[in-house]
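Novice:
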Amino acid sequence: MRNPFVALAVMTLMGSPAFAEGPPNPKDLRRVTKARESLVPAVEKAFGPKARFVQLFGQGREMLAGVVAEIPVEPLGTDDLPLLAIVRYAEDTGSVRVVAPEFKYREARIVGQDVALLDGAGTLRLRDANGQERLLAEQVGGDLFPSAKGDALVATLKTGVPGPHETAVGIIDLNGRVKVLADGPGVDATPSISPDGKTVVFVSGRTSVASFFVTTVEGAEARQLTNVGLENWMLFGGPPKEFVPPPVSSHHMEWLSEDVLRYNAGGGVFWTLNVRTGHAAADVGGAK
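For the sequence shown, the working numbering gives the first residue as 8, with consecutive numbering after it.
If you want it as structure tokens, here you go:
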């Protein structure tokens, strides 16, 4: 299956620094630099000198990182992403340990005391501290985001509908029950669940411009939060001032409160979004 965000990228040039107004927040730059200082030597020691960590999954004191066996000589297309091994990184101490040494995964997230691992075939499994795995779901497209309680996660789901850009948003509990929450025409993806476990925010291309929508864990009718009234032709030659960029992934999202989501809009710039009002703004921070 093609990466569903190819469609969103075409429609909005998502992740473009032109849409991510302002410089990166200094706090974010410091966190990334600190992570690299710990991860680079640990990955080389565990996997060899050609291995590189290429992705951080999650926010907070404990994160996961994806590792490639080596950087490809030729640039890869969007639909041909390399498979990853997974390590766990503790921000407070800088410690790094291998969680899944096999280069077979697309994504991983910490869920409570366990780790959710999504392989290249779209099969999602849960691995406990003893290394025991059990199947959670199949036909999972990615964009894993766990609930604050660690009892479920939201994700992008493959729908089985013909066409390369048909995905839905769903919630998967730890018993393996899957519930579709949003399935409009085209891409519904990149979900995130609020700290109280009630609200789910996601990105949809159903209006032709990648925009945030909000629903509930019960699957209430989705409501558009951002870019209301915009059409894709309005973005050519530069976005209008009211345009709110979509996130580059679900892996760099964090909730500042029950109502405010913070996300990476590309170019290292984070934005904040109030999921009640739809108000959004670049979070560039201060000079400290």
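Yeah, the Cβ is synthetic: ideal placement off N, Cα and C, and Gly gets one too.
Residue 289 to residue 190, Cα distance in whole Å?
Specialist: In the sequence shown, counting from the first residue as 1, residue 289 sits at position 282. In the sequence shown, counting from the first residue as 1, residue 190 sits at position 183. Separation of residue 289 and residue 190 (C-alpha to C-alpha, rounded to the nearest whole angstrom) is 29 Å.
Novice: Which term fits residue 78, buried or exposed, when burial requires 16 or more other beta carbons within 10 angstroms of its beta carbon?
Specialist: On the sequence shown, residue 78 is found 71 positions in, with the first residue counted as 1. Exposed: under 16 other Cβ atoms inside 10 Å.
Novice: Just tell me which of 71, 283, 163 has its CA closest to the CA of residue 231.
Specialist: Taking the first residue of the sequence shown as position 1, residue 231 is located at position 224. Minimum Cα distance to residue 231 is reached at 283.
Novice: Residue 150 lies in the alpha helix (DSSP H); which residues open and close that run?
Specialist: Here residue 150 refers to the residue found at position 143 when the sequence shown is read from its first residue. Per DSSP, residue 150 lies in no alpha helix (DSSP H); the unbroken beta strand (DSSP E) holding it starts and ends at 147-153.
Novice: Candidates 69, 60, 65, 66: which alpha carbon is nearest residue 75's?
Specialist: The count along the sequence shown starts at 1 and reaches residue 75 at position 68. Minimum Cα distance to residue 75 is reached at 60.
Novice: Say the cut is 6 Å; is the CB of residue 232 nearer than that to a heavy atom of the ligand SAH?
Specialist: The ligand SAH is absent from the structure shown, which contains no ligand whatsoever.
Novice: Grab me the residues of residue 136's own chain with a C-beta within less than 8 Å of its C-beta, minus the 5 sequence neighbours each way, in chain order.
Specialist: Start at 1 with the first residue of the sequence shown, and residue 136 comes out as number 129. Same-chain partners within the cutoff: 120, 121.
Novice: Would residue 147 pass as a contact of residue 131 if the rule is Cβ separation under 7 Å?
Specialist: Against the sequence shown, residue 147 aligns to sequence position 140. Against the sequence shown, residue 131 aligns to sequence position 124. Going by C-beta atoms, residue 147 is nearer than 7 Å to residue 131.
Novice: With distances taken from CA atoms, which of 186, 36, 270, 104 is nearest residue 166?
Specialist: Counting from one through the sequence shown, the residue named residue 166 turns up at place 159. For residue 166, the nearest C-alpha among the options comes from 186.
Novice: Starting from residue 222, trace the beta strand (DSSP E) both ways and give me its first and last residue.
Specialist: One-based indexing of the sequence shown puts residue 222 at position 215. Element bounds for residue 222: 218-223.
Novice: Residue 209 bridges to which residues according to DSSP?
Specialist: Here residue 209 refers to the residue found at position 202 when the sequence shown is read from its first residue. For residue 209, the beta-bridge partners assigned by DSSP are 220.
Novice: Within its chain, find whatever has a CB closer than 7 Å to the CB of residue 277; leave out the 5 residues flanking it on each side and keep chain order.
Specialist: Working through the sequence shown from its first residue, we reach residue 277 at position 270. Counting only Cβ-Cβ distances below 7 Å, and skipping sequence neighbours, we find 32, 35, 269, 270, 271, 290.
Novice: Helix, strand or coil: which one does DSSP assign to residue 121?
Specialist: Taking the first residue of the sequence shown as 1, we reach residue 121 at position 114. Looking at residue 121 - three-state DSSP - the assignment turns out to be strand.
Novice: What span of residues does the alpha helix (DSSP H) with residue 257 cover, start to end?
Specialist: Residue 257 sits at position 250 when you count from the first residue of the sequence shown. From DSSP, residue 257 is part of no alpha helix (DSSP H); its letter is neither H nor E.
Novice: Please state whether the Cβ-Cβ distance between residue 108 and residue 92 is less than 7 Å.
Specialist: As a working note, residue 108 is residue 101 in the sequence shown. As a working note, residue 92 is residue 85 in the sequence shown. Yes.
Novice: Which residues share a DSSP beta bridge with residue 278?
Specialist: Your numbering for residue 278 matches position 271 in the sequence shown. Paired residue(s): 270, 289.
Novice: Using three-state DSSP, classify residue 163 as helix, strand or coil.
Specialist: Here the question's residue 163 lines up with position 156 in the sequence shown. Note: residue 163 maps to strand in three-state DSSP.
Novice: Which term fits residue 40, buried or exposed, when burial requires 16 or more other beta carbons within 10 angstroms of its beta carbon?
Specialist: Position 33 of the sequence shown, counted from the first residue, corresponds to residue 40. Exposed: under 16 other Cβ atoms inside 10 Å.
Novice: Is DSSP giving residue 49 helix, strand or coil here?
Specialist: Start at 1 with the first residue of the sequence shown, and residue 49 comes out as number 42. In the structure shown, residue 49 sits in a helix (DSSP, three-state: H, G or I).
Novice: Check for me: the beta strand (DSSP E) holding residue 62 runs from which residue to which?
Specialist: Indexing the sequence shown from 1 puts residue 62 at position 55. Here the beta strand (DSSP E) through residue 62 covers 59-64.
Novice: How long is the line joining the alpha carbons of residue 205 and residue 56, rounded to whole angstroms?
Specialist: Position 198 of the sequence shown, counted from the first residue, corresponds to residue 205. Position 49 of the sequence shown, counted from the first residue, corresponds to residue 56. Straight-line Cα distance between these residues: approximately 44 Å.
Novice: Going by Cα to Cα distance, which pick from 65, 192, 46, 128 is closest to residue 7?
Specialist: A question about residue 7 goes unanswered here, because the residues of the chain that appear run from 8 up to 295.
Novice: Using CA atoms only, rank isn't needed, just tell me which of 105, 80, 99 is closest to residue 72.
Specialist: Residue mapping note: residue 72 aligns to position 65 of the sequence shown, counting from 1. Measuring from the Cα of residue 72, the nearest candidate turns out to be 105.
Novice: Rounding to the nearest angstrom, what Cα-Cα distance links residue 27 and residue 243 in this structure?
Specialist: Here the question's residue 27 lines up with position 20 in the sequence shown. Here the question's residue 243 lines up with position 236 in the sequence shown. With a pLDDT of 49 at residue 27, under the threshold of 50, the modelled position of this residue cannot be trusted, and the question is left open.
Novice: By Cβ distance, which residues of its chain are closer than 7 Å to residue 114, with the 5 residues on each side in sequence left out?
Specialist: One-based indexing of the sequence shown puts residue 114 at position 107. Leaving aside the five residues that flank residue 114 on each side, the residues in its chain whose CB is nearer than 7 Å to its CB run, in chain order, 64, 125, 149, 151.
Novice: Under the assumption that residue 116 contacts residue 153 (Cβ atoms under 8 Å), give the Cβ distance between them as a whole number of angstroms.
Specialist: Translated into the one-based positions of the sequence shown, residue 116 becomes position 109. Translated into the one-based positions of the sequence shown, residue 153 becomes position 146. Correct: roughly 5 Å between the Cβ atoms.
Novice: If contacts are defined as beta-carbon pairs under 8 Å, then residue 250 and residue 234 qualify, I think. What distance do you get, rounded to the angstrom?
Specialist: Within the sequence shown, numbered from 1, the residue matching residue 250 stands at position 243. Within the sequence shown, numbered from 1, the residue matching residue 234 stands at position 227. Right, the Cβ-Cβ distance comes to about 6 Å (below 8 Å), so this counts as a contact.
Novice: Does the distance from the CB of residue 208 to the CB of residue 221 come in under 7 Å?
Specialist: Reading the sequence shown from its first residue, position 201 is the one you call residue 208. Reading the sequence shown from its first residue, position 214 is the one you call residue 221. Yes. Within cutoff.
Novice: Kindly indicate the opening and closing residues of the beta strand (DSSP E) around residue 135.
Specialist: To locate residue 135, count along the sequence shown from 1; it is residue 128. That residue, residue 135, is in no beta strand (DSSP E); it is neither H nor E in DSSP.
Novice: Quick check on this structure: which residue in 237, 177, 246, 213 has the alpha carbon closest to the alpha carbon of residue 227?
Specialist: As a position in the sequence shown, residue 227 is number 220, starting the count at 1. Among 237, 177, 246, 213, the Cα nearest to that of residue 227 is on 177.
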